[in-house]
Every structure is written in structure tokens, then in C-alpha cells.
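Participant:
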Amino acid sequence: MPCATGDVTKDPSLRRLPGTFREATEMMAAKDSFARRALGNAFVDHFAMTRMNEVAQYERAVTDWELRRYFETV
251 MPCATGDVTK
261 DPSLRRLPGT
271 FREATEMMAA
281 KDSFARRALG
291 NAFVDHFAMT
301 RMNEVAQYER
311 AVTDWELRRY
321 FETV
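Counting in my numbering, the final residue of the sequence shown is number 324, and the numbers go up one at a time with none missing.
1. Quick check: what's the CA-CA separation for residue 283 versus residue 306?
2. Quick check: the Cα distance between residue 262 and residue 301, rounded to an integer number of angstroms?
3. Who are the near neighbours of residue 268 in its chain, counting only those whose CB is closer than 7 Å to its CB and skipping five residues on each side?
4. Run the CB neighbour count on residue 280, radius 10 Å, all protein chains shown included, and call it buried at 16 or more, exposed below.
5. Which value, in whole angstroms, describes the spacing of the CA atoms of residue 264 and residue 291?
6. Assign residue 260 to one of three DSSP states: helix, strand, or coil.
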């Protein structure tokens, strides 16, 4: 692949990288993903399920910042 020139954010041929762990997992789990072609459906299905479990745990977690921020209002 040649080096990019100019403003790559305006190049429609380039795909954006996922911005979150959830988006990355969903991209990997997509039916037409490179991961499925390279690693096979069984592996990707299992791995994506474990990562989505991790995403759910992360999204339920209360951060130190949230504790500090909202306890001061109580």
C-alpha cells in the first residue's frame, strides 16, 4: 500500500478504525470480517462472545472519577 498523502480523513477508500472496544469486537465478529476468513467462524464466535462479556463488565463498572464526582453531591 502506498504512503498516504493529503488529508486521509477525506479519503473514502480508507476505513476508520473502531473507536471503542465494543466497536472493535463488533467489527471482528461481522460475518464478512478478515478475522473470520483468517481464524475461522468457530474461533471468532467464541472469542467475540468472551470479549462482549468483557465489554459488558466494563460498562457496568463504576470508576473512581464517578465515585468522587457524584458522592460529593449526596
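Beta carbons: idealized from backbone N, C-alpha and C, even for Gly.
Since the structure is predicted, the reported quantities are computational estimates derived from the model, not experimental observations.
Facilitator: Let me spell this out:
1. Rounded to whole angstroms, residue 283 and residue 306 show a C-alpha spacing of 22 Å.
2. Between residue 262 and residue 301, the C-alpha separation is close to 29 Å.
3. Cβ within range, chain order: 274 and 277.
4. Only exposed fits residue 280, as fewer than 16 other CB atoms lie within 10 angstroms of its CB.
5. Rounded to the nearest angstrom, the two C-alpha atoms are 25 Å apart.
6. In the displayed model, residue 260 falls within a helix according to three-state DSSP.
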